[in-house]
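Trainee: Everything in the sequence shown is counted per the working numbering, starting at 18 for the first residue and increasing by one.
Structure in structure tokens, see below.
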Amino acid sequence: MKALDKRIMKLGKSLEGRLDARLIESALDYIHHAERLLAFEILCTYVEDFDIRLTKQESQEISFIDKEFRTESTFN
């Protein structure tokens, strides 16, 4: 599992208690199918759709992961 996968998993786990655990698990399951970008996008959609309040650290992590994906796509 890549470092970015682990960061997305950790982000998802940090949302437990504010977002239905089944939704989190269904999003994170995409990581196991080499679809880390989809997993991240789904988590972000849930955060927006369910108006989840993020901590400063979670917001920073989302920004970091997003930047990593943009950098990754530049090299592909």
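C-beta atoms are modelled at their ideal positions from N, C-alpha and C, and glycine is treated no differently.
Identify which residue in 39, 20, 25 has its Cα closest to the Cα of residue 79.
Mentor: 25
Trainee: Rounded C-beta distance between residue 36 and residue 57? I'm assuming under 8 Å.
Mentor: Approximately 14 Å separates the beta-carbon atoms of residue 36 and residue 57; this is outside 8 Å, ruling out the contact.
Trainee: Specify, as a first and last residue, the run of the alpha helix (DSSP H) that residue 94 falls within.
Mentor: With the chain covering 18 to 93 only, the question about residue 94 has no answer from this structure.
Trainee: Straight-line CA distance for residue 33 to residue 88?
Mentor: 28 Å
Trainee: Closest to residue 31 by CA distance: which of 75, 54, 86, 81 is it?
Mentor: 75
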